[in-house]
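Under this note's numbering, think of the first position of the sequence shown as 7, with each following residue one higher.
Glycine included, C-beta positions come from ideal geometry on N, C-alpha and C.
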Amino acid sequence: MAGITIVLDFDKTIIDVDSDNWVVDELGATDLFNELLPTMPWNTMMDRMMKELHAQGKTIEDVKEVLRRIPIHPRIVPTLKTAHALGCDLRIVSDANVFFIETIVEHLGIKDYFSEINTNPGYVDEEGKLRISPFIDFHTSPHGCSLCPPNMCKGMIISRIQADLAKKEGKQRIIYLGDGIGDFCPSLKLREADFMMPRKDFPVWGLICENRTLLRAEIHEWIDGEDMEKIVIKLIEKIKIQDLLEVDSFKIGTVPIALQHVKVHQ
């Protein structure tokens with residue numbers, strides 16, 4: 007059976023901000039964040055930030071409370087609900103962390119809509135402190151992709167998703183939505199029947215504009231949640247119509263499709 011898989015980045019795609027920066031700023035640790043930023047890898051720094059925040063008396067519940075009020079465009083959740091209701095397989099591929107993402111999507115009531123969340127590990131340890139680690143151990147097992155940050159190659163994740171979809175019956179298409187530099191590599195993995203939706207005036211959009219000939223997927227830029235909703239629903243409808251036409255064409259062989267619908271008057 008033909009299918010549609012919608013793969014979404016999280017920060018500045020599903021939500022309107024960067025979740026790491028939001029938590030740091032809202033918990034009053036921006037100065038320390040800026041001090042540590044040049045000195046260590048991002049995930050290591052976020053793990054250190056959580057350690058420092060806990061040392062200042064911030065609790066897991068404080069972190070959750072901040073995450074529950076993170077800004078999100080009012081049309082994003084309805085878009086995801088509609089896509090899920092139309093039979094799309096929704097997946098997240100994000101360089102945030104699983105604790106932040108799951109806290110937010112649970113609060114929004116959409117966690118069960120996603121078949122998988124690919125992101126950096128984040129968990130509460132035995133002392134009740136949040137720990138964050140990289141998606142891969144880039145010191146012992148580097149992914150080797152020069153386009154992506156050392157902790158995660160989203161292109162490799164898309165390749166794995168494509169391999170999974172290849173085992174399914176029928177034509178499988180991917181719609182990918184993202185905004186950041188890390189979303190460029192996966193855009194190069196998409197195929198002719200797929201769709202790339204870069205957020206306009208964000209880093210991935212600029213990279214795609216400069217390298218449009220490298221992409222095989224159809225490109226549809228979007229501005230905000232309202233724009234995303236219109237384009238995603240339109241693409242789902244387009245794919246479903248194409249699938250129906252292909253089925254009709256297969257059934258009738260060389261007979262023009264239009265003749266099926268001609269009523270003969272006697």
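The beta carbon of D249 sits closer than 6 angstroms to the beta carbons of A8 from its chain, once the five residues preceding and following it are set aside; these are given in chain order. When Cβ pairs closer than 8 angstroms are counted between the two stretches, the region 132 to 144 is seen not to touch the region 166 to 179, the count staying below three. Partner residues in the beta bridge of L14, as assigned by DSSP, are I98, L183. G188 carries a helical assignment under DSSP once its states are collapsed to helix, strand and coil. Taking the CA atoms as reference points, D17 sits about 8 angstroms from D101. Residue environment analysis places M203 among the buried positions, since at least 16 neighbouring C-beta atoms fall within 10 angstroms of its C-beta. Sequence-distant Cβ neighbours of R54 in its own chain, meaning closer than 8 angstroms and more than five residues away, are L42, M46. Taking all protein chains in view, the Cβ of V130 is surrounded by fewer than 16 other Cβ atoms within 10 Å, so the residue is classified as exposed. Just so you know, the alpha carbons of I163 and V23 end up roughly 23 angstroms apart. Counting only runs of at least 4 residues, the region 61 to 89 fully encloses the following alpha helix (DSSP H) elements, listed from N- to C-terminal order: 66 to 74.
Counting C-beta atoms within 10 angstroms of its own C-beta, Q178 has 16 or more neighbours from the protein chains shown and is therefore classed as buried.
Between the region 59 to 74 and the region 24 to 41 there are three or more inter-stretch CB-CB distances shorter than 8 angstroms, so the stretches are counted as touching. A check of alpha carbon separations from L194 across S165, G176, D185, E175 identifies S165 as the nearest. For G128, no alpha helix (DSSP H) run applies; the uninterrupted beta strand (DSSP E) run containing it begins and ends at 128 to 130, by DSSP. Rounded to the nearest angstrom, the Cβ distance from D15 to D185 is 6 angstroms, consistent with a contact under 8 angstroms. Between I12 and K87, the alpha-carbon positions lie close to 12 angstroms from each other. The beta-bridge partner set that DSSP reports for R205 consists of W228. With 16 or more neighbouring CB atoms inside 10 Å of its own CB, I167 falls in the buried class. Here the alpha carbon of M51 sits roughly 10 angstroms from the alpha carbon of D26. Closest option to L221, judged by alpha-carbon separation, among K246, I245, I239, P192: P192.
The C-beta distance from E232 to R81 rounds to 5 angstroms, short enough to fall under 8 angstroms. Using a 10 angstroms sphere on the CB of K160, the tally of other CB atoms reaches 16 or more, which defines it as buried. Residue nearest to W211 within the set I187, F201, R97, S152 is I187 (criterion: CA-CA distance). Inter-residue distance for E132 and T65 is about 13 angstroms (C-alpha atoms, whole angstroms). Take I237, set aside five residues on each side of it, and the residues of its chain with a beta-carbon closer than 7 angstroms to its own are M203, H226, W228, in chain order. Per DSSP, the beta bridge partners of E122 are R97.
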